[in-house]
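This report concerns only the one structure given below.
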Amino acid sequence: MSFALGFGAIVCTSTDALSTLAGPEAKLVRRVNQLRIDHGLIKLRGSSTLGAVARAHADEMARHGYLSHINLVGQNPLERVQAAGVDGFRLLAENIAASGVRGDRIAVAIDEWMQSESHRENLLNPAFNTTGVAVVDAPGGRTIFVQLFATFQAR
């Protein structure tokens, strides 16, 4: 599933947090950034705050066995990001996925996103410059993926 919204604020509050990522989350960002480079786009920088929002949503979906852009209290991605105190972005989108396949689940999730028009638009949107990701193991051998994309004005 994909979710995107546009806004008018343009003050950057993002910090580069990609160097703090490890494991599957680092792998997801590396692969998405390589995909963007392959398409002539800039790499996304990381936001620890967006990552925390993505993680909280992925954890909730894993614990409660659902997949949706709307959390259990009815918040969409914009509302979740705003509730976390993130501001200054002018565009926001979210990709989510769940995979139960064996092997390289990250490759499968990205391939599925690339085959979906709305997910592909989020991955390859030249306006996006920031991301926050979460990759969470769920019961039943499933993996939940959440990637938030945002556009902040560079300082």
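Quick note on numbering: the sequence shown equals residues 186 to 340 in the numbering used here.
Here a beta-carbon is modelled for each residue, glycine too, at the ideal position from N, C-alpha and C.
Fair warning: this is a prediction, and the values are worked out from it, not measured in the lab.
Cβ-Cβ separation, Ala294 to Ala282 (assumed contact under 8 Å), whole Å: Numbered from 1 along the sequence shown, position 97 holds the residue referred to as residue 282. Numbered from 1 along the sequence shown, position 109 holds the residue referred to as residue 294. At roughly 4 Å, the Cβ-Cβ gap stays under 8 Å, so Ala282 and Ala294 are in contact.
Span of the beta strand (DSSP E), counted from its first residue to its last, around Val331: Here residue 331 refers to the residue found at position 146 when the sequence shown is read from its first residue. Arg327 to Phe337 is the span of the beta strand (DSSP E), which, as asked, contains Val331.
Beta carbon of Val238 nearer than 8 Å to that of Ala211: By 1-based counting over the sequence shown, the position of residue 238 is 53. By 1-based counting over the sequence shown, the position of residue 211 is 26. No, these two residues do not count as a Cβ contact at 8 Å.
Limits of the beta strand (DSSP E) - the one that Val320 falls within: By 1-based counting over the sequence shown, the position of residue 320 is 135. Thr315 to Ala323 is the span of the beta strand (DSSP E), which, as asked, contains Val320.
Nearest-angstrom beta carbon gap, Phe337 and Leu229 [assumed within contact, 8 Å]: On the sequence shown, residue 229 is found 44 positions in, with the first residue counted as 1. On the sequence shown, residue 337 is found 152 positions in, with the first residue counted as 1. With a Cβ gap of about 11 Å, Leu229 and Phe337 do not count as contacting.
Bounding residues of the alpha helix (DSSP H) (the contiguous stretch that carries Leu213): Mapped onto the sequence shown, residue 213 falls at position 28. Start and end: Gly208 to Asp223.
Own chain residues within Cβ distance below 6 Å of Gln219, not counting five before or after: Taking the first residue of the sequence shown as 1, we reach residue 219 at position 34. Same-chain partners within the cutoff: there are none.
One or two residues paired with Ser284 in a DSSP bridge: Numbered from its first residue, the sequence shown carries residue 284 at position 99. Beta-bridge pairing links Ser284 to Thr328.
Where Ala278 sits in the DSSP three-state scheme: Locating residue 278 in the sequence shown gives position 93, counting from the first residue. For Ala278, the three-state secondary structure derived from DSSP is strand.
Distance CB(Gly285)-CB(Gly326) smaller than 8 Å: Counted from its first residue, the sequence shown places residue 285 at position 100. Counted from its first residue, the sequence shown places residue 326 at position 141. Contact flag set, yes.
Reference Val217, options Pro324, Thr328, His254 and Leu308, closest by Cα: One-based indexing of the sequence shown puts residue 217 at position 32. Answer by Cα proximity: Leu308.
Tyr251 versus His224 - alpha carbon distance: Translated into the one-based positions of the sequence shown, residue 251 becomes position 66. Translated into the one-based positions of the sequence shown, residue 224 becomes position 39. Taking the straight line from one Cα to the other gives about 32 Å.
Closest Cα partner of Ile222 within the set Ala323, Ile329 and Pro311: Indexing the sequence shown from 1 puts residue 222 at position 37. Out of Ala323, Ile329 and Pro311, Pro311 has the C-alpha closest to the C-alpha of Ile222.
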